[in-house]
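Colleague: According to our numbering, the sequence shown is numbered sequentially starting from 32.
Submitted below is the structure of interest, expressed as structure tokens.
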Amino acid sequence: MTGLEIIKASTTTAGEIADIISKPCPPVIPETCDRLSCRECWLAWLVTGEPPKEKGPSDEQTAPDEEGLHPNLIEHFRRERRFTREMLKSLATPYSKA
């Protein structure tokens with residue numbers, strides 16, 4: 032059964048679908064997923080019900096400076112960087128007594 036069939040099945044509950052889609056990876060993943068994009072894994076599971084066949088580096092991989100990081104982790108680092116930048120800017124601004 033493919034992932035799409037599982038999700039569309041009338042017997043699949045909303046809770047089961049939430050459990051599936053809330054995880055970073057589909058229910059079946061290849062032994063090593065370093066060279067595959069998350070999209071490739073999800074698409075393979077939805078279409079075939081199996082992990083994607085390893086075929087080498089993906090064109091849809093994360094950007095070279097972020098290689099190997101999960102997209103959620105990348106966003107977390109961006110927010111942290113933005114927060115730190117704002118904090119440093121506020122500390123560098125001279126305090127004036129009015």
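No residue lacks a Cβ here, since even glycine has one placed at the ideal position from N, Cα and C.
1. Quick one: Cα of Ile52 to Cα of Pro58, how far?
2. Comparing C-alpha positions only, which one of Thr43, Phe114 and Thr33 sits nearest to Trp73?
3. With a threshold of 16 other CB atoms inside 10 Å of the CB of Pro82, please say whether the residue is buried or exposed.
4. Check Ser53 in the structure and name its three-state DSSP category.
5. I think Thr43 touches Ile37, with their Cβ atoms under 8 Å apart; what is that distance to the nearest whole Å?
Modeller: According to the structure shown:
1. 9 Å
2. Thr33
3. buried
4. coil
5. 6 Å
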